[in-house]
Amino acid sequence: MTKTVLDEIKQALMAANAVQGEQEFCVAWLGKNASYMRVLRFQQLQPSADALAVCASKLNYYTQRLESSSDSKHKQWAQRFAVLHSKCTTALNEQARTKWQAAERMGAV
0 MTKTVLDEIK
10 QALMAANAVQ
20 GEQEFCVAWL
30 GKNASYMRVL
40 RFQQLQPSAD
50 ALAVCASKLN
60 YYTQRLESSS
70 DSKHKQWAQR
80 FAVLHSKCTT
90 ALNEQARTKW
100 QAAERMGAV
């Protein structure tokens with residue numbers, strides 16, 4: 000699910016002209032190497048909690064900045080970014096819950 004969320008965020012940012020493509024998204028919005036998403040796809044991996052957290056934080060930052068604008072287009076993008084932020088934090092929480100629940104089942108806690 001989390002890869003789908005990142006793909007949705009990437010597409011929205013491209014539609015907003017906030018990024019030009021996947022490589023820029025990886026570096027500027029995930030804090031990762033330009034090939035990060037490609038590696039996830041080819042190795043069938045889920046994004047790291049770090050990547051999700053960085054993305055969620057940046058979405059939240061720009062949501063607040065856009066909300067304070069008087070431009071109606073900015074306010075529309077603020078609403079869209081807020082939805083994406085929520086999806087990103089939900090994915091992060093689901094990933095974390097899976098990890099701590101697995102630890103409990105294994106008797107590590």
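No gaps in the numbering here: position 85 of the sequence shown is 84 in numbering that gives the first Met the number 0, and each next residue is one more.
Glycine included, C-beta positions come from ideal geometry on N, C-alpha and C.
These numbers come from a predicted model, not from an experiment.
Secondary structure at residue 70: coil, using DSSP grouped into helix, strand and coil. Nearest in C-alpha terms to residue 7, of all of 85, 69 and 26, is 85. In this structure, residue 9 sits near residue 21, with a CB-CB distance shorter than 8 angstroms.
Residue 60 and residue 39 have their C-alpha atoms roughly 26 angstroms apart. Per DSSP, the continuous alpha helix (DSSP H) segment holding residue 29 begins and ends at 21-29. Where residue 38 is concerned, the enclosing alpha helix (DSSP H) starts and stops at 35-42. For the pair residue 55 and residue 25, the CB atoms are not nearer than the 8 angstroms cut-off. Annotation for residue 36: 21 and 25 place their beta carbon closer than 6 angstroms to its own, counting only its chain and skipping 5 residues before and after.
When rounded, the separation of the alpha-carbon atoms in residue 64 and residue 77 is 8 angstroms.
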